[in-house]
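Residue numbers (this note's numbering), protein chains in the order written: chain F, 206 to 574; chain L, 349 to 760; chain S, 2 to 115.
The beta carbon of each residue, even a glycine, is placed where N, CA and C say it ideally should be.
The structure displayed is predicted, hence computed values, not measured ones.
Structure first, commentary second.
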């Protein structure tokens, strides 16, 4: 416990008293924040470099009001304020999108106060909030895709509200793994369409290194290895919007540390739900299992876990531009060019696979046998 | 609960649920579909040619026993025209190998295949019992693994056979994919899933016809055909699977039974996405020796619980090496540089070398086995063998990044 | 409370056969086949199911201390197959399957040996 030790000064500025230990270095909160901010900024330097004189880049920051994306928002906003008050060029600017958490989680998280705190904290900023079910407005074709995807398990009723329709579709998917999988796809598509409509060329996702590692492992386990090149790596998404993961060099624990030294974040952040202890492994989703795996193993082997996302980030994006893609998640149908494996062939048992990729086929509502 | 009818024949009582599509099948339909799928894999990948002599790496365990049984069945049913034989390695572990070798001998009679048994003592002058006496139980798996891989190739060469098939199954391949992702080993990620272990550096072809077969189905196939196989853990590596990637794979299977093949599919796709310039790195060094370093016969291609710790250590070392801006040195003194040919072809063009001692194919002057033997013979165990191979490929630019960070951090 | 007055025809003890293979026999004194007799009714009046059998096996037959080699989260460890009269237990309701006289239950490990 730092507080009980005799006073030591920050290893960076040698001035202030140290408050936090990060990567074996003892820093004061100011230097710590600078260190974290720097890790983020260096990931976005390309936008700054090219945007000095010409038109500013416009980026979209989806904020879940969880720790990671809120910290990212705080870092970007602090930087923005600094630059504005010092008269320095911004290089890029960003809009904030909040998809109402109460419309995503089944538990109905109250978030109005958090959202108000967010608005109060960033008064000068372009912030929008939309519900999950506005996907029917932003992605009009999703209606047909859902019907096709869920087959007889989901009969759309246009007299229902969008909220009810989305709920009915989500309810048609039976397992936690598939539900999480499909939810993430729909959320991604909603964010992408919002970005396009609001003139943003890139989306900055608030995934920490730990989260990216879990996403990579879960993606692989769900047959989505080929999609890691935009789900985990920085780069162009299949929808013509770039994806950036500026928190990729930071562990979740470090983001929590950052939150703890930023008083203004405490009203904004909705704390993570503690992982429920007594859920049987077989009832977890693959995403949750991998998150737990990364957390558990990361405590013992942080280097190994940090390496996962780095490795995925080195993969080349698939080059087959004109190859047909999945109408739901935009992954390649069939194999990546150069893969002569036959796992796909074994799977093509019904004609739906001509429209949906391997991963989406796995998450489809099961046929009644 | 009323018995369920078979999805396929709609008559007999279903006794299995297939992991990959949840189909419920009766015994006969299951056996026939399992065999047909292995046949499709063989045909789809042009694995064999008529008249080819093929050695089945046989341990007496479930995987290789099922492989032998299925290959015999298919060879007869579809007239592959293969000349099949069994090749077993006797590590010289009393009380463990004795029983499994008896199983292999019975298999040879049951499947009417010639059997060759090659001993470590014959090949290396050391049985595993003697190795363990010298080096202790910790780390002995490394010796066994290195010796074994060469032994199969040498045995095949001795028989004049150029193709060895092994019982690696989909679970093994899935585990390899996960491990390579965890250890950040892109070169191995690029080839770990392929059905044939490419062998630029060896004239012995290695393949795994059961690559798409779930371990669960292999066990059930053996059960329902009442195959004679032997199971025990190697007495020198008890509980080797604990805490390993294997556990993760089995948890995944519990959550979504298809996930093992889904990982194989992901692995195959990712292999094609590995940048060409890093694919070949380390290849010449590994190829014939690769497949699951540290794995032993009883564990097939499996990871041990200690592997993660070794990886972590290696990563930390690499990080340190990076920050010191020195090259990582291998114990034998050769400097490691990724084999980055401009197009990747430069790597392939590399000439095949032979170990100066034993003439076995090796990229090093002295092959891995001989290096280990040197250590043993000099009465100095655990000399130089890098455990977490393939870590040398770390992003070198991150050093620069880190330095810039420091500079900027202190400048502001 | 067991309702003894209600004891009918089906309330005789339940003899079954339990088999361990694929390396699991090592945890059970290296014996492959075991004859087990289960009570017709448990204390709460229910019939013994696989969950009960698992606990029974650990308490009575298992020779090895390493219980987690067999049981995890109060169920069969992932990677161990269970066959109820030669059928995958998933077809029979898994751990909720109620044992019948003469049942043959096989536990096969896929975790050992290749």
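- The shortest C-alpha to C-alpha distance from residue 431(F) to any of 370(L), 603(L), 612(L), 446(L) is the one to 612(L).
- Following the DSSP letters along the chain, one finds residue 284(F) inside the alpha helix (DSSP H) bounded by residues 272–291.
- Using a Cβ-Cβ cut-off of 9 Å, residue 528(F) does not count as an interface residue toward chain L, since no Cβ of chain L sits closer than that to its own.
- Excluding five sequence positions before and after residue 215(F), the CB atoms of its chain that fall closer than 6 Å to its own CB belong to 221, 223, 232, 233, 236, given in chain order.
- In the structure shown, the three-state DSSP call for residue 495(F) is helix.
- When rounded, the separation of the alpha-carbon atoms in residue 94(S) and residue 84(S) is 11 Å.
- Separation of residue 627(L) and residue 62(S) (C-alpha to C-alpha, rounded to the nearest whole angstrom) is 52 Å.
- For residue 40(S), the closest C-alpha among the options 102(S), 90(S), 88(S) is that of 102(S).
- Straight-line measurement puts the Cα of residue 478(L) at about 36 Å from the Cα of residue 420(L).
- Around the beta carbon of residue 438(L), 16 or more other beta carbons sit within 10 angstroms, so the residue counts as buried.
- Taking 9 Å as the cut-off, the Cβ atoms of residue 537(L) and residue 525(L) count as close.
- At least one beta carbon of chain L lies nearer than 9 Å to the beta carbon of residue 491(F).
- Counting only runs of 3+ residues, the beta strand (DSSP E) found wholly inside the region 531–567 of chain L occupies 553–555, in chain order.
- In terms of Cα proximity to residue 395(L), the closest of 601(L), 429(L), 441(L) is 429(L).
- Of the residues assessed, residue 484(L) falls on the exposed side of the cut-off, its CB having fewer than 16 other CB atoms within 10 angstroms.
- Assignment of residue 378(L) by DSSP, reduced to helix, strand and coil, places it in the helix class.
- Contact fails between the region 369–380 of chain L and the region 409–423 of chain F, because fewer than three Cβ pairs, one in each stretch, are under 8 Å apart.
- Residue 536(F) and residue 442(F) have their C-alpha atoms spaced approximately 10 Å apart.
- Counting only residues of its own chain and dropping the five nearest sequence neighbours on each side, residue 243(F) has no CB closer than 7 Å to any other CB.
- The straight-line gap separating the alpha-carbon atoms of residue 499(F) and residue 510(F) is approximately 6 Å.
- Secondary structure of residue 572(L) (DSSP, three-state): helix.
- In the structure shown, residue 500(F) adopts helical secondary structure according to DSSP, grouped into three states.
- With a threshold of 9 Å between beta carbons, residue 79(S) makes contact with chain L.
- In this structure, residue 568(L) keeps its C-beta atom at 9 Å or more from the C-beta atom of residue 403(L).
- Going by C-alpha positions, residue 368(F) is about 34 Å away from residue 262(F).
- With its beta carbon less than 9 Å from one in chain L, residue 110(S) belongs to the interface.
- Under the 10 Å beta carbon count, residue 360(F) is surrounded by fewer than 16 other beta carbons and is classified as exposed.
- Within the region 600–616 of chain L, the residues whose Cβ lies closer than 8 Å to any Cβ of chain F are, in chain order, 600, 602, 603, 604, 606, 607, 609, 610, 611, 612, 613, 614, 615, 616.
- 9 Å or more divides the Cβ of residue 663(L) from the Cβ of residue 495(L).
- Two segments are said to touch when three or more pairs of C-beta atoms, one from each, lie closer than 8 Å; by this definition the region 329–336 of chain F does not touch the region 345–365 of chain F.
- Taking a Cβ-Cβ threshold of 7 Å, the residues of chain S close to residue 485(F) are 74, in chain order.
- At least one CB atom of chain F sits nearer than 9 Å to the CB of residue 619(L).
- Only exposed fits residue 623(L), as fewer than 16 other CB atoms lie within 10 angstroms of its CB.
- The Cβ of residue 515(F) sits closer than 9 Å to at least one Cβ of chain L.
- The CB of residue 504(F) never comes closer than 9 Å to any CB in chain L; the least such distance is about 11 Å.
- Listed along the chain, the chain F residues whose CB falls inside 7 Å of the CB of residue 395(L) amount to none; the nearest CB is some 12 Å away.
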